[in-house]
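Engineer:
4 protein chains.
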Amino acid sequence: MCRWMAYSGEPILAEELLFRPVHSLIDQSLHSRLGVETTNGDGFGIGWYGEGPVPAVFKSIDPAWNDRNLREISRQIRTPLLFAHIRASTGTPVQRSNCHPFRYDRWLWMHNGAIAGFHDLKRDMMLAVDPSLYAEIEGSTDSEALFHLALTYGLAEDPPSAVARAIGFVEDLARRHGVADPLQMTVATSDGESIWIFRYSSERRTRSLFYSTDIAQLRRLHPELEVLYRLGTGTRFVVSEPLRDLTGAWNEVPESSYAVLHPGEQQILPLRPVEPG
Amino acid sequence: MCRWMAYSGEPILAEELLFRPVHSLIDQSLHSRLGVETTNGDGFGIGWYGEGPVPAVFKSIDPAWNDRNLREISRQIRTPLLFAHIRASTGTPVQRSNCHPFRYDRWLWMHNGAIAGFHDLKRDMMLAVDPSLYAEIEGSTDSEALFHLALTYGLAEDPPSAVARAIGFVEDLARRHGVADPLQMTVATSDGESIWIFRYSSERRTRSLFYSTDIAQLRRLHPELEVLYRLGTGTRFVVSEPLRDLTGAWNEVPESSYAVLHPGEQQILPLRPVEPG
Amino acid sequence: MCRWMAYSGEPILAEELLFRPVHSLIDQSLHSRLGVETTNGDGFGIGWYGEGPVPAVFKSIDPAWNDRNLREISRQIRTPLLFAHIRASTGTPVQRSNCHPFRYDRWLWMHNGAIAGFHDLKRDMMLAVDPSLYAEIEGSTDSEALFHLALTYGLAEDPPSAVARAIGFVEDLARRHGVADPLQMTVATSDGESIWIFRYSSERRTRSLFYSTDIAQLRRLHPELEVLYRLGTGTRFVVSEPLRDLTGAWNEVPESSYAVLHPGEQQILPLRPVEPG
Amino acid sequence: MCRWMAYSGEPILAEELLFRPVHSLIDQSLHSRLGVETTNGDGFGIGWYGEGPVPAVFKSIDPAWNDRNLREISRQIRTPLLFAHIRASTGTPVQRSNCHPFRYDRWLWMHNGAIAGFHDLKRDMMLAVDPSLYAEIEGSTDSEALFHLALTYGLAEDPPSAVARAIGFVEDLARRHGVADPLQMTVATSDGESIWIFRYSSERRTRSLFYSTDIAQLRRLHPELEVLYRLGTGTRFVVSEPLRDLTGAWNEVPESSYAVLHPGEQQILPLRPVEPG
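What follows is the structure, encoded as C-alpha cells:
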C-alpha cells in the first residue's frame with residue numbers, strides 16, 4: 004500500500020507539509036497506523052507547481068525518511084499546490100520512473116492501490132492507450148498505465164468522466180480475462196488549479212481517503228492551535244491517512260465517489276464506472 | 004554508444020576479465036578510443052553462468068568505474084561464460100531495468116547500437132511481441148524490445164533465424180513509418196553453452212566488433228606473453244573495442260554477418276534480414 | 004536498531020540463508036518482532052569468505068528487501084561463513100561506507116547498538132585509533148570507530164581481550180565526558196575461521212542475541228523438519244532475532260558475555276571491560 | 004580533476020546557469036576541454052542561497068548529466084548566488100557526503116584540486132580542526148578537511164587570512180612528513196553576500212580559474228548577443244573552465260592570488276601562505 008497527500012492553499016514551504024506535522028507523510032513512511040504493510044520504503048516523489056505552468060517532480064528510490072536532498076529542497080520550495088507520495092512496491096521495480104506523481108504536460112497523477120491481474124491485463128491496457136501517448140510511458144506500473152488510459156479518455160477536458168471511463172475499461176477488460184475485482188484506487192490529479200480526488204474499488208472496499216475540514220471551522224473547534232492561523236482559510240489537505248489526530252479535522256471521502264477541490268470550495272459526487280460502448 | 008565484451012572459456016575470475024586487461028572494459032568506460040561518445044557512465048551490467056542453468060545478472064546505475072560492489076563480486080565470481088556491458092544512454096532513463104544484459108530464462112542478450120525512430124516505432128514493435136512475453140518487459144529501451152522480438156521469433160530454437168526475422172520486422176516497420184536506416188546493432192546472446200554474435204546495420208556501416216584469435220596461435224605469435232598461458236586454449240573473447248593492442252589478436256567481424264562461438268570453434272556466416280510475410 | 008546474522012558451517016548458497024527462512028533477515032528488514040524501530044531500510048551489507056583469504060563485502064544503501072542485485076548474487080555465492088547486516092540509521096548518513104560489515108584485511112566486523120554521546124566522544128575515540136589505521140576509516144559511524152579501536156587493541160591477536168579494552172576505553176572516556184551508559188552492543192567479528200560474538204551494554208540491558216542449538220540435537224527434537232538435514236552438523240547461526248519459531252532452536256547469549264564459535268564447538272565466557280591503564 | 008562554477012548577480016533560474024550555456028558545466032561533466040581527466044562522473048552538487056540565511060545543498064552520486072532531479076529543481080530554483088561542482092574522485096568513496104559544496108552554517112565551500120599525501124597527512128589535519136567542529140565532518144575528502152581547517156582559522160571572520168593559515172598549516176605539515184608540493188587548489192567560498200575565490204598550489208602551477216568580464220563591457224564588445232541583456236550588470240561568474248568561447252569574456256585569476264566578489268565589484272590580491280607559529 005502506498006500513501007499520499009495533496010495540499011492546496013496559500014503558498015507554503017514544502018517542509019511545513021512534509022516534515023512538520025506530528026504524523027507527517029515522511030513519518031508515516033516509517034510507521035503506518037492504518038496501513039497493512041508497515042513500510043513505504045520503495046521510493047517516493049513530490050510534484051509541485053511553481054515557476055511556469057508545468058509542475059516539477061522530484062523523485063527518488065531512496066526511502067523518503069533518509070533522503071537528505073528532500074529535506075534540503077523542501078526548505079526552498081514554496082508552492083500553492085503540492086502532491087507527495089511514498090511507495091510500497093507490489094513487485095514492479097523500484098526505479099525513478101515507477102515513482103509517483105506521474106506528469107504529463109500540466110497534469111500530475113498519483114495513485115494508491117493496485118490493479119489485480121495487471122500482469123495479464125497490461126498488454127490490452129497499453130493497446131488502449133492513445134498511440135501518441137504510448138511512448139511517453141517510461142515505467143512499468145499499473146498506476147502509470149491507468150494515468151495514460153485516463154489521459155486517453157480526456158483527462159485534460161473532463162477528469163471525472165475520463166476516470167470513470169478508464170475504470171470502466173479496466174473492469175470490462177478484467178471480466179473478459181476472468182479477473183475479479185480488478186481495481187483498488189485512491190487517486191489525485193491536478194492541472195495546477197484544481198485537484199480532483201477519486202476513491203473507488205471494484206469490490207467497494209476502498210482504502211481510506213480523507214479531506215480536511217474548512218480551516219475557519221477548525222479554528223472555532225481548536226482556537227488554541229497556533230498552526231491553524233499559519234494556514235490560509237482556503238487550505239485543503241487530502242490524505243490517505245490523517246496527518247495528526249485532531250477532532251473534527253478529517254472527513255472521509257465516501258466509497259465510490261470523487262471530489263473537485265478549488266481553493267475554499269469542494270463538491271463530492273458519486274463515481275460510476277462507464278464501460279466501453 | 005555502449006560497449007560490451009563476452010568471454011567464453013575455462014572458468015575464470017570475473018576480475019581477470021573486467022579489471023586486469025590494460026585496456027579493459029571498465030577502463031573503456033572512462034576513456035574510449037574508437038567510440039563517438041567519450042563516456043559510458045549511464046549504468047552497466049554483467050551476466051554470467053554459474054550455479055544452476057539460469058544466468059545471474061548484476062546491474063547498476065552507478066558508473067562502472069566507481070562501483071565498489073562490482074569490484075568485490077568480480078573477485079568471487081568464477082565463470083566459463085561472462086557478458087559485460089557499459090551503457091551510454093541515448094535518452095531513455097538511467098535505471099537498472101534499462102541496463103544490459105537482459106535475461107529471459109537461460110538466455111542473455113546485450114546490444115550496442117540503436118533503433119532510429121524508436122519513439123515512433125515502439126508501439127508497433129511491442130505489439131509484435133508475443134503476448135505471453137509482453138509483461139516480462141520491465142524497461143523502456145529499444146534493446147530490450149529487440150530482444151523480445153527475437154524471443155518471439157524463436158531465439159531459443161534458432162538464434163540466427165530469429166534475429167534475421169526481428170531485423171526484417173523492424174526494417175519493414177520503419178519503412179512504413181518513413182524512418183530510414185533504422186537499425187544499428189552489434190548483439191551478443193547466449194544460452195550458457197554457445198554465444199551468438201551479430202553485426203548489422205541498415206545502412207551497412209555498423210559499429211566495430213572483434214573476436215579474439217585462437218589462443219594457441221596467439222601463443223606462437225607472442226611466446227613471451229605470460230597471460231596467454233593463463234587462458235585455456237578454448238578461450239573466446241568478443242568485444243566492441245579491442246581490450247589491448249596486440250598484433251594478430253583481434254579479428255573484425257565482417258559487416259552484416261553473425262557467428263556462433265562454441266568453445267574452440269567458430270563459424271562466421273552472412274546475416275540477411277528476413278522480412279515478415 | 005540494526006539487525007544481523009552470522010552463519011558458519013558447510014558451504015551453502017547465501018540465498019538459503021538470506022531469503023529462504025520463514026522469518027529471514029530480509030523479511031525482518033521490513034517487519035521486526037522484537038525490535039523497537041519497525042524498519043531497517045537504511046542500507047545493508049553482507050560479507051563472506053570465498054576465493055582467497057580476504058572476505059568480500061557487498062553493501063548497498065537501498066533497502067535490502069528490494070535490492071535485486073542482492074537476490075542475484077545470493078544465488079551464486081556459496082560460502083562457509085557469512086555475515087549479514089541490515090541498518091537503521093540513528094543519524095549518520097546512509098552511505099555505503101557506513102554499512103556493515105566493516106572489513107580490515109581478513110577481518111569482518113558488524114555491530115548492532117550505539118555509542119551514546121558519540122558526537123562528543125568521536126574525536127577522542129579517533130585519536131586513540133592507531134595512526135597507521137586512522138586513514139583507513141572511510142565512514143562516520145560509531146560502529147566503524149569501535150572496530151578500529153578494537154583493531155588498535157589487538158583484535159587480530161586476541162579478539163576478546165581487544166574488545167574488552169575497547170569497551171573499557173569507551174566507558175572511561177564517556178565518564179570523563181559525563182556521558183552515562185555509553186555502550187550498547189552486540190558484535191560479531193571473524194577472521195574467516197572462527198566467529199567471536201559479544202553481548203554487552205554499559206547498563207547491562209543489551210539487545211537480544213541468540214545462537215543456534217546443535218543441529219544433531221535439533222534433528223532429534225524435530226525429526227520431521229527436512230531443512231535440518233540440508234544443514235551440516237557443524238552449523239552455527241548467530242542472530243539478533245530468531246530466524247524462525249522453532250522450539251529449542253535458539254539460545255540466548257547471556258548479558259555481558261562473549262563466545263567463540265568454531266565449526267561444531269562453542270564456549271561462552273564472561274566479558275569484562277578492561278579500562279586503560 | 005573536479006570542475007566548478009559560481010554565480011553571483013540578479014536572481015536567476017539555476018537552469019539558465021547549469022543547462023543553457025553552450026559549454027555548460029553539465030556539458031563539461033561529459034567532455035572536458037582543458038582538463039586532464041575526461042570525465043566528471045563521480046557525483047555532483049549545487050549550493051544556493053534562497054529562503055533563509057542558510058544555503059541549501061543538493062548533491063548526488065549520479066553523474067550530473069543524467070540526473071533528472073537536477074533538471075527538475077533547476078527549473079524551480081531562483082537564486083542570486085549559486086555554486087555548482089562536478090566531481091572526479093581521486094580514490095575517496097563516491098558518496099553524498101564527499102560531494103561539494105560543503106556547508107557550515109551560512110558558509111559554502113567547494114574545491115578543485117587535491118592534497119598530495121593526504122592519506123598520511125589526514126590524521127594531523129583532523130587533529131588541528133577545532134574540536135567543536137570535528138564531529139561535523141561527515142565525509143572523507145581532503146576538500147572537506149581543508150574547509151574545516153579554514154573554519155578553525157577563522158573563515159567566518161576573515162576568509163583570506165583563514166585560507167592563508169590553512170594553506171600554511173598544510174605546507175608545514177607536509178614538509179614534516181616529507182611530502183613535496185602538497186597543495187593544489189582552486190577554491191570558492193561564500194557567506195551568501197560575497198564570494199571569495201582562491202587560486203593556489205605549492206608548486207605554483209595551479210589549475211585554471213577564470214572570472215567573467217563586467218557585463219556592461221561585454222555588451223559593448225558583443226552588442227549582438229541577446230543573452231548579455233538577460234544578465235544584470237552586477238553579474239559575476241567564476242569558473243574552472245570558460246563556459247563558452249567569447250572573446251573578452253574571461254579573465255584568468257593569476258597564480259597565487261585571491262579575489263573578493265561583491266555584486267559589481269571585485270579585487271584581486273596576492274595569496275601568501277601563513278605558516279603556524
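Protein chains in written order, with this note's numbering: chain A, 4 to 280; chain B, 4 to 280; chain C, 4 to 280; chain D, 4 to 280. For every residue, glycine included, the Cβ atom is placed at its ideal position computed from N, Cα and C. Since the structure is predicted, the reported quantities are computational estimates derived from the model, not experimental observations.
Excluding sequence positions up to five away, which residues of its chain have a Cβ less than 8 Å from the Cβ of L274 of chain C?
Structural biologist: Along the third sequence, one-based indexing puts residue 274 of chain C at 271. Correct list, in chain order: P163, V166, A167, I170, F201, R202, Y203, S259, S260, Y261.
Engineer: Mind checking T250 of chain C: buried by the 16 CB within 10 Å criterion, or exposed?
Structural biologist: In the third sequence, the residue the question calls residue 250 of chain C occupies position 247. Exposed is the call here.
Engineer: Give the C-beta separation of G120 of chain C and H180 of chain C to the nearest angstrom, bearing in mind that I take them to be a contact with Cβ-Cβ under 8 Å.
Structural biologist: Counting from 1 along the third sequence, the entry for residue 120 of chain C is found at position 117. Counting from 1 along the third sequence, the entry for residue 180 of chain C is found at position 177. The Cβ separation is near 6 Å, so the contact holds.
Engineer: Distance, Cα to Cα, R81 of chain A vs I15 of chain A?
Structural biologist: As a working mapping, residue 81 of chain A is identified with position 78 in the first sequence. As a working mapping, residue 15 of chain A is identified with position 12 in the first sequence. Rounded to whole angstroms, R81 of chain A to I15 of chain A spans 5 Å at the Cα level.
Engineer: Taking Cβ-Cβ distances shorter than 9 Å, what residues in chain B pair up with Y137 of chain A?
Structural biologist: Your numbering for residue 137 of chain A matches position 134 in the first sequence. Correct list: K125, R126, M129.
Engineer: Distance check for A138 of chain B and E160 of chain C, CA to CA, integer angstroms please.
Structural biologist: Reading the third sequence from its first residue, position 157 is the one you call residue 160 of chain C. Reading the second sequence from its first residue, position 135 is the one you call residue 138 of chain B. Going from the Cα of E160 of chain C to the Cα of A138 of chain B covers about 56 Å.
Engineer: Less than 7 Å between C-beta atoms, sequence neighbours within five positions excluded: which residues of the same chain meet that for D194 of chain C?
Structural biologist: Locating residue 194 of chain C in the third sequence gives position 191, counting from the first residue. R109, W110, listed in sequence order.
Engineer: Counting only Cβ pairs nearer than 8 Å, list the residues of chain A close to I64 of chain C.
Structural biologist: For the purposes of this step, residue 64 of chain C is taken as the residue at position 61 of the third sequence. Correct list: D65.
Engineer: Let's test the definition: count the other Cβ atoms within 10 Å of the Cβ of Q220 of chain A and tell me whether it reaches 16, buried, or not, exposed.
Structural biologist: For this step, residue 220 of chain A is matched to residue 217 along the first sequence. Burial call: exposed.
Engineer: With distance defined between alpha-carbon atoms, name the residue in D:P56, D:L158, D:L154, D:I118 nearest to E206 of chain D.
Structural biologist: As a working mapping, residue 206 of chain D is identified with position 203 in the fourth sequence. Among D:P56, D:L158, D:L154, D:I118, the Cα nearest to that of E206 of chain D belongs to D:I118.
Engineer: Is it buried or exposed for H265 of chain A, if we count other Cβ within 10 angstroms and need 16 for buried?
Structural biologist: Residue mapping note: residue 265 of chain A aligns to position 262 of the first sequence, counting from 1. When all chains shown are included, H265 of chain A counts as exposed.
Engineer: Establish whether the CB of V97 of chain C and some CB of chain A are separated by less than 8 Å.
Structural biologist: Numbered from 1 along the third sequence, position 94 holds the residue referred to as residue 97 of chain C. V97 of chain C counts as touching chain A.
Engineer: Nearest to A9 of chain A by alpha carbon, out of A:A87, A:Y52, A:D65, A:S211?
Structural biologist: In the first sequence, the residue the question calls residue 9 of chain A occupies position 6. Among A:A87, A:Y52, A:D65, A:S211, the Cα nearest to that of A9 of chain A belongs to A:A87.
Engineer: Strictly by DSSP, which residues pair up with W199 of chain D?
Structural biologist: Counted from its first residue, the fourth sequence places residue 199 of chain D at position 196. According to DSSP, which records beta bridges pairwise, W199 of chain D is partnered with D:T192, D:V263.
Engineer: Count the CB pairs spanning the segment 211-220 of chain B and the segment 232-247 of chain B that are closer than 8 Å, and state whether there are at least three.
Structural biologist: In short, these stretches touch, since the Cβ pair count reaches three.
Engineer: What would DSSP say about F240 of chain A, mapped onto helix, strand or coil?
Structural biologist: Here residue 240 of chain A corresponds to residue number 237 of the first sequence, with the count starting at 1. F240 of chain A: strand per DSSP, three-state reduction.
Engineer: Am I right that A17 of chain C and I49 of chain C are in contact with their C-beta atoms under 8 Å? What's the rounded C-beta distance?
Structural biologist: Position 14 of the third sequence holds residue 17 of chain C. Position 46 of the third sequence holds residue 49 of chain C. That pair is a contact at about 7 Å.
Engineer: Mind checking which residues open and close the alpha helix (DSSP H) that includes P226 of chain B?
Structural biologist: In the second sequence, counting from the first residue as 1, residue 226 of chain B sits at position 223. Neither: P226 of chain B is in no alpha helix (DSSP H) and is coded neither H nor E.
Engineer: Is there a Cβ of chain A sitting closer than 8 Å to that of I76 of chain D, yes or no?
Structural biologist: Taking the first residue of the fourth sequence as position 1, residue 76 of chain D is located at position 73. Chain A, which has a Cβ nearer than 8 Å to the Cβ of I76 of chain D, makes this yes.
Engineer: If we ignore side chains and look at the alpha-carbon of each, how far apart do V256 of chain C and P279 of chain C end up?
Structural biologist: In the third sequence, the residue the question calls residue 256 of chain C occupies position 253. In the third sequence, the residue the question calls residue 279 of chain C occupies position 276. Near 26 Å, if we compare the C-alpha coordinates of P279 of chain C and V256 of chain C.
Engineer: Taking just the CA atoms, how far does P226 of chain A sit from F47 of chain D?
Structural biologist: The sequence position of residue 47 of chain D within the fourth sequence is 44, counting from 1. The sequence position of residue 226 of chain A within the first sequence is 223, counting from 1. Going by the C-alpha atoms only, they are around 47 Å apart.
Engineer: Apart from the five residues on each side of it in sequence, which residues of its chain come closer than 8 Å, Cβ to Cβ, to I140 of chain B?
Structural biologist: Your numbering for residue 140 of chain B matches position 137 in the second sequence. Excluding positions up to five away in sequence, the list reads M129, V132, E147, A148, H151.
Engineer: Using a C-beta cutoff of 8 Å, does P104 of chain D count as contacting chain C?
Structural biologist: If you number the fourth sequence from 1, residue 104 of chain D lands on position 101. No, P104 of chain D does not count as interfacial toward chain C.
Engineer: Pull the bridge partners of K62 of chain A from the DSSP assignment, please.
Structural biologist: Residue 62 of chain A sits at position 59 when you count from the first residue of the first sequence. K62 of chain A is bridged to A:G48.
Engineer: For A67 of chain D, does the count of other Cβ atoms within 10 angstroms reach 16, so buried, or fall short, so exposed?
Structural biologist: Against the fourth sequence, residue 67 of chain D aligns to sequence position 64. Under this definition A67 of chain D is a buried residue.
Engineer: My parser needs the alpha helix (DSSP H) runs of 4 or more residues fully inside the segment 70-106 of chain B; what are they?
Structural biologist: Segments of the alpha helix (DSSP H) lying fully in the segment 70-106 of chain B: 71-77.
Engineer: For a contact meaning CB atoms closer than 8 Å, what does P134 of chain D contact in chain C?
Structural biologist: Sequence index remark: in the fourth sequence, residue 134 of chain D carries index 131 (1-based). Within chain C, the residues near P134 of chain D are R126.
Engineer: Give me, in chain order, the residues of the same chain whose beta-carbon lies closer than 6 Å to that of E13 of chain C; leave out the 5 immediate sequence neighbours on both sides.
Structural biologist: Position 10 of the third sequence, counted from the start, is the residue given in the question as residue 13 of chain C. Answer for E13 of chain C: G235, listed in chain order.
Engineer: Leaving out five residues on either side along the sequence, give the residues of the same chain with a beta carbon under 7 Å from the beta carbon of L231 of chain A.
Structural biologist: Position 228 of the first sequence, counted from the start, is the residue given in the question as residue 231 of chain A. I218, L221, R222, H225, listed in sequence order.
Engineer: Give, in chain order, every residue of the segment 112-123 of chain A whose Cβ lies closer than 9 Å to some Cβ of chain B.
Structural biologist: Answer in chain order: F121, H122, D123.
Engineer: Going by CA-CA distance only, name the one from C:F61, C:E75, C:T155, C:D184 that's closest to L73 of chain B.
Structural biologist: Locating residue 73 of chain B in the second sequence gives position 70, where the first residue counts as 1. Of the candidates C:F61, C:E75, C:T155, C:D184, the one whose C-alpha sits nearest the C-alpha of L73 of chain B is C:F61.
Engineer: From the DSSP secondary-structure annotation, give me the bridge partner or partners of F53 of chain C.
Structural biologist: Here the question's residue 53 of chain C lines up with position 50 in the third sequence. Residue 53 of chain C is actually Gly in this sequence, not Phe. BP columns for G53 of chain C are empty, so no partner.
Engineer: At the 8 Å Cβ level, is N254 of chain D part of the contact set with chain B, yes or no?
Structural biologist: Within the fourth sequence, the letter at position 251 stands for residue 254 of chain D. No - not a single Cβ of chain B is within 8 Å of the one on N254 of chain D.
Engineer: Can we count P226 of chain C as close to the ligand GDP, meaning its CB is less than 7 Å from some heavy atom?
Structural biologist: In terms of ligand content, the structure shown is empty, and the ligand GDP therefore cannot be addressed.
Engineer: What residues match up with P163 of chain C in a beta bridge as DSSP calls it?
Structural biologist: In the third sequence, the residue the question calls residue 163 of chain C occupies position 160. Looking at the DSSP assignment, P163 of chain C forms no beta bridge with any residue, so it has no partner.
Engineer: Here's a check: name, in chain order, each residue in its chain whose Cβ is nearer than 7 Å to the Cβ of F172 of chain B, leaving out the five neighbours to either side.
Structural biologist: The residue labelled residue 172 of chain B in the question sits at position 169 within the second sequence. Excluding residues within five positions, the ones whose Cβ falls inside 7 Å are A131, L152, P279.
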